[in-house]
Amino acid sequence: MAFQPIVDVNQRKTLYYEALVRGPNGESAFSILNQVTDDLLYRFDQSCRIKAIELASELGMQERLSINFLPNAVYEPEACIQATLETARRVGWPTERLNFEITETERVNDRQHMRNIIERYHEMGFTTSLDDFGNGYANLDLLTDLRPDTLKIDRELVMACDSSKRRQAILSSIVALAETLGIQLIAEGVETREESRCLLSLGLPVQQGYYFSYPNLEALAVVDDTKYD
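Structure representation (structure tokens):
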């Protein structure tokens, strides 16, 4: 696992670390996921959750831990979460510091199944995020059925937002929508100071990206304080 910080620029601190799967030689998540067949999906998803919690505990993480999961790997939320809960108890990880990010939404045809997962996770005390919002299948219509705690705005909307009036207009609309729905926003893929400052001015202080830190393999990055200036 590699860990990448999610920061609040206003508070000048790290709120979360996202756990990102890597191969034994540092291979990307994309290359690993391409090797996971449907019959291995459940075991892979469970193993990633367990590894992320164990390693976060070993590293002494005090922030919230955000774990990606594949909805199609969850056949029944209560049954599939048992190994996660057992691991959290074993290492002393508070369940209220677990956030689950929904990925691979283009592969999920049963919206009710996804909604059920989110509702059951909320009942268990977890928070949930919808990843890659604004790109591909993670779009506006999902919010008619799903009630995640957080939306992660895709890099495509963040990229060069400081020089794009159209992106700024879209981002401002998303901020207004999120406020109405009571959803927190995270801007993904922030790569420059100019992007970060622009996002902050638009009401998007919670940010993630290479500007703050690259994912660190089996380590927790400490964000340089100058990144907040």
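Per my numbering: the sequence shown = residues 565 to 793. Using N, Cα and C, we set each Cβ at its ideal position, and we do this for glycine too.
In its own chain, which residues sit with a C-beta less than 8 Å from the C-beta of residue i, not counting the 5 before and 5 after it?
| i | result |
| --- | --- |
| SER693 | SER630, ASN663, PHE664, GLU665, ILE666, PRO712, ASP713, THR714, LEU715, LYS716, ILE750 |
| ILE596 | VAL585, ARG586, GLY587 |
| CYS762 | CYS725, ASP726, GLN732 |
| GLU618 | THR651, VAL655 |
What's the call for residue i, buried or exposed, on a 16-neighbour Cβ count within 10 Å?
| i | result |
| --- | --- |
| THR648 | buried |
| PRO769 | buried |
| ALA583 | buried |
| ASN598 | exposed |
| ARG610 | According to the sequence shown, residue 610 is Gln rather than Arg. Classification for GLN610: buried. |
| PRO658 | exposed |
| GLY656 | exposed |
| ARG731 | buried |
| GLU759 | buried |
| THR691 | buried |
| ARG613 | buried |
| ALA742 | buried |
Of all the CB atoms in chain D, is at least one closer than 8 Å to the CB of residue i?
| i | result |
| --- | --- |
| LEU604 | Among the protein chains of the structure shown there is no chain D, as only one such chain exists. |
Helix, strand or coil for residue i, going by three-state DSSP, please let me know.
| i | result |
| --- | --- |
| ARG711 | coil |
| TYR639 | coil |
| SER630 | strand |
| VAL571 | strand |
| ALA583 | strand |
| PHE594 | helix |
| GLN599 | coil |
| VAL770 | strand |
Going by beta carbon distance, what residues of the same chain come within less than 7 Å of residue i, once the five residues before and after it are set aside?
| i | result |
| --- | --- |
| GLY773 | GLU752, GLY753, VAL754, GLU755 |
| PHE697 | LEU715, LYS716, ILE717, ASP718 |
| ARG628 | LEU579, TYR580, ARG661, ASN663 |
| LEU781 | ALA566, ARG586, GLY590 |
Between residue i and the rest of its own chain, which residues show a CB-CB distance below 6 Å, the 5 nearest in sequence each way excluded?
| i | result |
| --- | --- |
| VAL600 | PHE608 |
| GLU660 | GLY689 |
| ARG684 | PRO641 |
| GLU720 | ASN699 |
Round the Cβ separation of residue i and residue j to the nearest angstrom and send it over; I've been treating them as touching at under 8 Å.
| i | j | result |
| --- | --- | --- |
| LYS791 | TYR775 | 7 Å |
| LEU802 | VAL739 | Outside the displayed range of the chain (565 to 793) lies residue 802, so it cannot be described from this structure. |
- Considering only residues of the region 677-765, which uninterrupted beta strand (DSSP E) runs meet the minimum length of 3 residues and lie entirely inside it, listed in chain order? 691-697, 714-717, 748-751
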